[in-house]
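A.B. asks: The structure follows.
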Amino acid sequence: MEKIKFLILLVLLSSCASKKIPEKKTITLLNYNIRYAQEDVGDISWSNRNVNFLQLIKDNPAEIYLFQEPTKDQVFFLENQFPAFHLIENGLRPFDSLSTHNVMLIHESLKIIKHDAFWLSETPDKISRGWDASTERICQYVLVKDKISKKEFYVFNVHLDRKGEESKRKSLELIKQKAKEINTKNLPIFIGGDFNSMEHTSQIQDFKDFLRDSKEVSLTPPKGPSGTFNFFDVNRENFPYRIDYIFVSDSIKVKKYEVIDTKYNNQFPSDHFPVKIEVEF
Numbered sequence: 025m026e027k028i029k030f031l032i033l034l035v036l037l038s039s040c041a042s043k044k045i046p047e048k049k050t051i052t053l054l055n056y057n058i059r060y061a062q063e064d065v066g067d068i069s070w071s072n073r074n075v076n077f078l079q080l081i082k083d084n085p086a087e088i089y090l091f092q093e094p095t096k097d098q099v100f101f102l103e104n105q106f107p108a109f110h111l112i113e114n115g116l117r118p119f120d121s122l123s124t125h126n127v128m129l130i131h132e133s134l135k136i137i138k139h140d141a142f143w144l145s146e147t148p149d150k151i152s153r154g155w156d157a158s159t160e161r162i163c164q165y166v167l168v169k170d171k172i173s174k175k176e177f178y179v180f181n182v183h184l185d186r187k188g189e190e191s192k193r194k195s196l197e198l199i200k201q202k203a204k205e206i207n208t209k210n211l212p213i214f215i216g217g218d219f220n221s222m223e224h225t226s227q228i229q230d231f232k233d234f235l236r237d238s239k240e241v242s243l244t245p246p247k248g249p250s251g252t253f254n255f256f257d258v259n260r261e262n263f264p265y266r267i268d269y270i271f272v273s274d275s276i277k278v279k280k281y282e283v284i285d286t287k288y289n290n291q292f293p294s295d296h297f298p299v300k301i302e303v304e305f
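Right, dumping it as structure tokens:
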């Protein structure tokens, strides 16, 4: 009898050993202000740089892309070029050729549970320009679930005003408030975008009290230039203006951080550099 029990135990142990323990899931996010489409401006016309843009994306695959500033034509371009992704447009601003948009591409390996957006203003539920902003600004967000790991997390896509200093501060205060209201289950959260704010500004320093700067918590040394704005200047050697960020909650382990400054045909595909992170949680 004892011998039979021993044999059964061996079979059970063998069965357990044969089951592959699932590896921890890593996800790559890429944040990128792609600059609005404009023609008749030489090399920086969209028709002269969209091929370079596509090559950059091909060279830097990710499950999630956060884009700022595409116009209507660029939104359609993104939708047509990335069939394996769900495209989420901000959905609030009138969809005309003069507007610029916030857009997220979410790979089909991720399930979209819900998405929405709000205006960065005193009246976030209405079409509005906030505080001293030069134009209307929007923050969009999505709740997604990884189809393999079943883990859920939020991703916010932000584009702050370029000029209004009060707007920048108030917008980030609003985003913090909204994120707390939306993320009731305290799920992992990413907030990325073009913040139009340098690291030393009060709004960025205050925001770091809410979420961590992915560059500062990367487990490997950050790659690329310190700045993220390049002026389309391929001859410049120093890029000091860091205005694009990805912030993460405490439960997210940032394995890699990179600012991508690759030139294609001796050109930068946008006047911003993309920020890419690889994470695990």
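Here the numbering used here is used: the first residue of the sequence shown is 25, the next is one more, and so on.
Glycine included, every Cβ here is placed at the ideal spot set by N, Cα and C.
None of the values given here were measured: they were computed from a predicted structure.
Which of helix, strand or coil does DSSP assign to residue 172?
C.D. replies: Here residue 172 sits in coil by DSSP.
A.B. asks: With a threshold of 6 Å on Cβ separation, who are the neighbours of residue 103 within its own chain once the five nearest residues in sequence on each side are excluded?
C.D. replies: The answer, listed in chain order, is 111.
A.B. asks: If residue 73 and residue 212 are in contact, beta carbons under 8 Å, what's the gap, nearest whole angstrom?
C.D. replies: That pair is no contact at about 34 Å.
A.B. asks: Tell me the rounded alpha-carbon separation between residue 42 and residue 79.
C.D. replies: With a pLDDT of 40 at residue 42, under the threshold of 50, the modelled position of that residue is not reliable, and no figure is offered here.
A.B. asks: Would you say the stretch 273–281 touches the stretch 255–265, given that touching needs at least three Cβ pairs under 8 Å?
C.D. replies: Touching, no.
A.B. asks: Return the Cβ separation of residue 131 and residue 101 in integer angstroms, given the expectation that the two are a contact with Cβ distance under 8 Å.
C.D. replies: About 18 Å; that fails the 8 Å criterion.
A.B. asks: Roughly how far, in whole angstroms, is the beta-carbon of residue 269 from the beta-carbon of residue 188, given that I think they are within contact range, below 8 Å?
C.D. replies: Going by Cβ atoms, the distance from residue 269 to residue 188 rounds to 18 Å, so no, they are not a contact pair.
A.B. asks: Determine contact between the stretch 169–180 and the stretch 144–156, defined as no fewer than three beta-carbon pairs at a distance below 8 Å.
C.D. replies: No, because fewer than three Cβ pairs between the stretch 169–180 and the stretch 144–156 fall closer than 8 Å, the two stretches do not touch.
A.B. asks: Determine the burial state of residue 224: buried for a count of at least 16 other Cβ atoms within 10 Å of its Cβ, exposed for fewer.
C.D. replies: Residue 224 is exposed by the Cβ-count criterion.
A.B. asks: Could you pull the start and end residues of the beta strand (DSSP E) that residue 74 belongs to?
C.D. replies: Unbroken run through residue 74 is the alpha helix (DSSP H), 70–83; no beta strand (DSSP E).
A.B. asks: Note down, in chain order, each residue of its chain lying with its Cβ closer than 7 Å to the Cβ of residue 107, except the 5 sequence neighbours on either side.
C.D. replies: Around residue 107: no qualifying Cβ.
A.B. asks: Taking DSSP as the reference, what is the three-state secondary structure of residue 57?
C.D. replies: Strand, per DSSP.
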